[in-house]
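Engineer:
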Amino acid sequence: MRKNKDIDLNLDDFTSTTIFATKEVRIPNDNDESIDSNEDYNPFEHRVIEHPTSTMGSLIHILKGSLGTGILAMPYAFKHAGLVLGSIATIVIGILCTHCIHLLVSVSHELCRKLKVPSLSLAETCEAAFDNGPKRLVKYSGLVKTLADIFLVITHSMGVCVYIVFIAESTQQLVKHWYPEFEMDTRIYSVITMIPLLLSMQIRQLKYLVPFSLIANVCLVIGFGITLYYIFEETPDVSKVSLFESLERFPTFLSTIIFAMEGVGVIMPVENTMRQPQRLVDWFGVLNVAMG
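So the sequence shown is residues 54 to 345, counted in the working numbering.
1) Any contact between the stretch 132-143 and the stretch 306-324? By contact I mean 3 or more CB pairs, one from each, below 8 angstroms.
2) Could you please give me the residues that DSSP links to PRO106 through a beta bridge?
3) Should the stretch 207-226 be regarded as contacting the stretch 119-132, the criterion being three or more beta carbon pairs within less than 8 angstroms?
4) Short of 6 angstroms in beta carbon distance, which residues of its chain neighbour PHE131, apart from the five on each side in sequence? Order them along the chain.
5) Taking just the CA atoms, how far does TYR283 sit from VAL160?
6) Assuming SER194 contacts GLU177 (C-beta within less than 8 angstroms), just tell me the rounded distance between them.
7) Taking DSSP as the reference, what is the three-state secondary structure of HIS133?
8) If you compare alpha carbons, which of VAL158, PRO264 and CYS165 is closest to VAL339?
9) Take VAL9 and list the residues in its own chain whose beta-carbon comes closer than 6 angstroms to its own, dropping the five residues that flank it on each side.
10) Counting only the same chain and skipping the five closest in sequence on each side, list residues whose C-beta sits under 6 angstroms from that of ASP89.
11) Suppose you measure from the CA of ILE60 to the CA of VAL170; what does that come to, to the nearest Å?
12) Express the C-alpha separation of ARG328 and THR108 in angstroms, rounding to a whole number.
13) Report yes if the C-beta distance between ALA346 and ILE148 is below 8 angstroms; otherwise report no.
14) Compare the beta carbon distance of PRO322 and PHE97 with 8 angstroms and say whether it is the shorter of the two.
15) Just reading off the alpha helix (DSSP H) that GLY276 is part of, what are its end residues?
16) Please report the distance separating the alpha-carbon of LEU156 from that of LEU175.
17) If you drop the 5 nearest sequence neighbours on each side, which residues of the same chain put their C-beta closer than 7 angstroms to that of GLU163?
18) Which of the three DSSP states, helix, strand or coil, is assigned to TRP336?
19) According to the Cβ coordinates, are THR151 and ASN341 closer than 8 angstroms?
20) For SER266, count neighbouring Cβ atoms within 10 angstroms of its own Cβ and tell me buried if that reaches 16, exposed if not.
21) Buried or exposed: which applies to ILE245, given that a residue is buried once 16 or more other Cβ atoms fall within 10 Å of its Cβ?
22) Starting from the N-terminal side, write out each stretch of the beta strand (DSSP E) that is 3 residues or longer and does not extend beyond the stretch 146-171.
23) Taking the alpha-carbon positions, what's the LYS191 to ASP184 distance?
24) Restricting to Cα atoms, I'd like to know which of LEU227, LEU300, ASN325 and GLU287 is closest to GLN258.
25) For the candidate residues VAL294, HIS99, LEU273 and ALA269, whose alpha-carbon lies nearest to that of SER253?
26) Under 8 angstroms Cβ to Cβ from THR280, same chain only, skipping five residues before and after it: list those, please.
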């Protein structure tokens, strides 16, 4: 998104931004007299969303995107940090993740007002921020957008791999428990797991994916509850529990907690399809409720 250039934003609902009101969006610059810089532009009023998502549906999506299977590995994470250090670090990381997402959404909204466009994706927000930042950084805007897209692809691809392996191994253990004589390679379970996942991926509208996210959240809560039950079934002696572990083991804790909490790639697609996007970053809005 460079200055002094018309950009053809031909997007569909499957992308991280929703359909713009017009395909041609003029990006203003400081010398463009055709646009009144003092005009009060509300991007939310100019969004044309064919299938908007409700506030509750958005909350369900963000819960699913932010709190994944990594939350089931929390006991393993605390093993590498200690009870006290792990508890403090988890709270700090949660606050930092929430704060960074607030910054992302707030900056995106401000850039939408400045550029007079209805919505921006995460990568477009990064590009626009550099385009409208210090002059020495403007030339890097295209590179930053490309890097943001690359990192999103890597993050989502690796996350999907983790989910497929997790589901496949869990299913294999369950089948082996009930049918000990049945043997099948984990990779075959992975291929079988991909079939329903690929079918669900054909649903392009976030609004129609809400039931799937809801079912996933319910299963996650049940699984986490079962995990807690077995953890506290025989409460260990607190005196034997490590309160602080060595810093050499802290990176393992850190990576597990970030994987369990971080879902920044989900935020902008959800925000761009919300019926009331301003409710995402309210004090008691979708983001704070989900991360709290």
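In this text, a Cβ means the ideal position worked out from N, Cα and C, and glycines have one as well.
Structural biologist: According to the structure data:
1) yes
2) The sequence as given places Thr at residue 106; Pro does not occur at that position. According to DSSP, which records beta bridges pairwise, THR106 is partnered with MET327.
3) yes
4) GLY139
5) 44 angstroms
6) Contact flag wrong, Cβ pair sits at about 10 angstroms.
7) coil
8) VAL158
9) The chain is shown from 54 up to 345; residue 9 falls before or after that span and cannot be answered.
10) Since pLDDT at ASP89 reaches only 46, below the 50 mark, its modelled position is unreliable, and the value read off the structure follows with that caveat. Here the set comprises nothing.
11) Because the pLDDT of ILE60 is 39, which lies under 50, any placement of that residue in the model is unreliable, and the question is left without a value.
12) 7 angstroms
13) In the structure as shown, the chain begins at 54 and stops at 345. Residue 346 is therefore absent and cannot be evaluated.
14) no
15) 259-286
16) 12 angstroms
17) none
18) coil
19) yes
20) buried
21) exposed
22) none
23) As written in the sequence, residue 191 is Val, which differs from the Lys given in the question. Each residue's Cα considered, the two are about 5 angstroms apart.
24) ASN325
25) ALA269
26) LEU125 and PRO128
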